[in-house]
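Residue numbers (the working numbering), protein chains in the order written: chain A, 1 to 160; chain B, 1001 to 1129; chain C, 2001 to 2092. Positions of the beta carbon are idealized from the N, C-alpha and C atoms, including for glycine. Given the structure is predicted, the values throughout are model-derived calculations rather than measurements. Remarks on the structure that follows.
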Amino acid sequence: MIREHEDIVIQTVCRFFIPFMQAYGLYVLAHGHGSPGGGFQGGCILAASFILMTISYDLKEVKRRFSEKLNVLFCSLGVFIYAGTGLVCLLLGGNFLNYGKLSKILPTDPVMARYYGMAAIETGVQITVMAIMVSIFLNLVTAGKHEETVEEEDAGDNSK
Amino acid sequence: MLEIIVSKYNYWIFVFLLIIGLYSMMTKNNLMKKLIGMNIFQWAIILYFISIGAKRGGSVPIIPGGHGHGVQKIVVHATGYVNPLPHVLMLTAIVVGVATTGIALAILVRIYNSYGTLEEDEIMKELGK
Amino acid sequence: MTRKFVGILIAVIALIALMQGLKDLPKWADPNQPASIHVSPRYIEKGIEETGVPNIVTAVLADYRGYDTLFETAVIFTAGVAVMMLLRRSKR
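Below, the structure is given as C-alpha cells:
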C-alpha cells in the first residue's frame, strides 16, 4: 500500500544519496579481496538504494527504472554466472569449481586464476541478491498488486 | 560462581536472547510476535557462533601487504589472526534467515487477506467451525 | 492462562539445562580452545599462498567452500520465487 506523498525536502535529499549508495555497493564488491566485503554485502547495499527510492519517491519511478521483467532476468542471471564459471572449469579439464584450470584461457598463473575466478562468482552472487531483495520488498509492500493507492482502503475486506 | 559469570559472559548474553525468543514463540497470541520471536532465536545462535571465534591478541583476518605478485613469500603465523571459519559459516546462516523471514511474512499477508485478523485464537475458532 | 504457565515452565527448564551445559564451554577469547587449533590454522597459513587473496574470509567462502555458496545462492533465489508465487496472483 504505497501512497503517493510529495515532500520536497525528502525527495531532494534522497536524490542526492542514491547514486552514492549504488557506487558504494559496487565498491564493496570490488574490494572484497582486500578489505571486508564481498558479494552478499554489496548486493544488500545496492538493494537498499532501490528501497530508498521506493519509500521517498513513488512506485512508478522505480518501475520505470527497474521493471519487473528486468528484475526476474537479473534473479536468474546471477546463479547462471556462478554455475557457468564452475562449468567452464569442468570443461577445461578440472573438477567443478576448480578455478586453477582457468589459467588456460586467462593469461596468468594458476594462483592468480583463482583470484579472478573468485571475482567472477562474487559478481554473480551480488546480482542475484540485489534482484531478490528488491523483488521480495516490492511484493510484500504492495501485497502482490504492484499498484499504488491514493486514498485509504477498506481494511476489513475479506477476499478469499 | 562469580568467576563463571565474568569469564564466560558472552554465553550469558546468548542464553538470555535464546530464552526470550523461545518464550515469545510459545506464549504470544499474535502471529507477528511469534515471527519476531523466531527471528530473535536465530540471531542468538548466530551470535553464539561468532563469539566462539574470538581470540585474545588476534587481529582482523586480513593479511597486510598481500597484493601483488610476491605473495608466495609471506610467512603467516596463525596465532595473530582471529578464527575466520565461524564468520564464513554464519554468512550462509544469515542469508538463510532472511529467506525464511521473507517467506513467513508473505504467508502472513495471505492469512490476513483471508481471515481479516492476525490473532491466533480467532483464527483457530474460524477453522474449527 | 495455562498457555502462559506452560510457556514459563518450559523456558525455566531450558534455562537450567543451558546453564548446566555452560560449565564445559571454554572461556571467552581463549587462544587454546579446540575451535581455534583444529582446522583453522591450516586455512590461515596456507590461504594466501594457494589463492592469492589477502582476505581469508572471502577466500574460504568463495574458493575452499565454493560449493556451499552456490547452493546458498540457490536458496535465496528459491525464496524470492516462492514469495512471487504466494503473492502475485491474477484476478480470478
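- A distance below 8 Å separates the beta carbons of residue 1095 of chain B and residue 2076 of chain C.
- Contact of residue 1007 of chain B with chain C is assigned, a C-beta pair being separated by under 8 Å.
- Excluding the 5 residues flanking it on each side, residue 1126 of chain B has same chain C-beta neighbours closer than 7 Å at 1115, in chain order.
- Secondary structure of residue 57 of chain A (DSSP, three-state): coil.
- The continuous alpha helix (DSSP H) containing residue 2020 of chain C extends over residues 2002 to 2021.
- Nearest neighbour of residue 36 of chain A by Cα position, chosen from C:2045, C:2054, C:2063, turns out to be C:2054.
- CA-to-CA, the gap between residue 2039 of chain C and residue 1061 of chain B works out to about 15 Å.
- With a threshold of 8 Å between beta carbons, residue 74 of chain A makes no contact with chain B.
- Here residue 1028 of chain B really is in contact with residue 1037 of chain B; their C-beta atoms are around 7 Å apart, less than 8 Å.
- It is roughly 39 Å from the alpha-carbon of residue 1044 of chain B to the alpha-carbon of residue 61 of chain A.
- Take residue 2022 of chain C, set aside five residues on each side of it, and no residue of its chain has a beta-carbon closer than 8 Å to its own.
- Distances from the alpha-carbon of residue 2003 of chain C to those of B:1025, B:1019, B:1076, B:1050 put B:1025 closest.
- In this structure, residue 115 of chain A keeps its C-beta atom at 8 Å or more from the C-beta atom of residue 2069 of chain C.
- Proximity of the stretch 107 to 123 of chain A to the stretch 15 to 23 of chain A falls short of the contact definition, fewer than three beta-carbon pairs being nearer than 8 Å.
- Boundaries of the alpha helix (DSSP H) harbouring residue 1026 of chain B: 1009 to 1027, taken from the DSSP string.
- DSSP places residue 20 of chain A in the uninterrupted alpha helix (DSSP H) bounded by 8 to 30.
- Taking a 10 Å sphere around the C-beta of residue 122 of chain A, we find 16 or more other C-beta atoms and assign the residue as buried.
- In the three-state reduction of the DSSP assignment, residue 105 of chain A falls in the coil class, being assigned neither a helical nor a strand state.
- Below 8 Å, too few C-beta pairs join the stretch 70 to 83 of chain A and the stretch 1005 to 1018 of chain B to call them touching: fewer than three.
- Burial state of residue 33 of chain A is buried, judged by a 10 Å Cβ sphere holding 16 or more other Cβ atoms.
- Collapsing the DSSP output to three states places residue 2032 of chain C in coil.
- A Cβ-Cβ contact shorter than 8 Å links residue 1074 of chain B with residue 1065 of chain B.
- In the structure shown, residue 1126 of chain B falls within a helical segment according to DSSP collapsed to helix, strand and coil.
- Residues of chain C whose Cβ lies closer than 8 Å to the Cβ of residue 125 of chain A are, in chain order, 2069, 2073.
- Runs of the alpha helix (DSSP H) lying entirely within the stretch 2045 to 2083 of chain C and spanning at least 4 residues, in chain order: 2056 to 2059.
- Rounded to whole angstroms, residue 2024 of chain C and residue 1002 of chain B show a C-alpha spacing of 16 Å.
- Remark: C-beta atoms of residue 2045 of chain C and residue 1076 of chain B approach each other more closely than 8 Å.
- Between residue 1013 of chain B and residue 2015 of chain C, the C-beta gap is not smaller than 8 Å, which leaves the two residues out of contact.
- Classified as buried, residue 71 of chain A has 16 or more neighbouring CB atoms from the shown chains inside 10 Å of its CB.
- It is roughly 16 Å from the alpha-carbon of residue 1085 of chain B to the alpha-carbon of residue 1056 of chain B.
- Between residue 2028 of chain C and residue 1054 of chain B, the CB-CB gap stays under 8 Å.
- The criterion of a C-beta distance shorter than 8 Å is satisfied by residue 43 of chain A and residue 130 of chain A.
- A direct Cα-Cα distance of roughly 15 Å separates residue 38 of chain A from residue 2065 of chain C.
- Considering only beta carbons, the part of the stretch 1039 to 1058 of chain B lying closer than 9 Å to chain C consists of 1051, 1052, 1053, 1054, 1055, 1056, 1057, 1058, in chain order.
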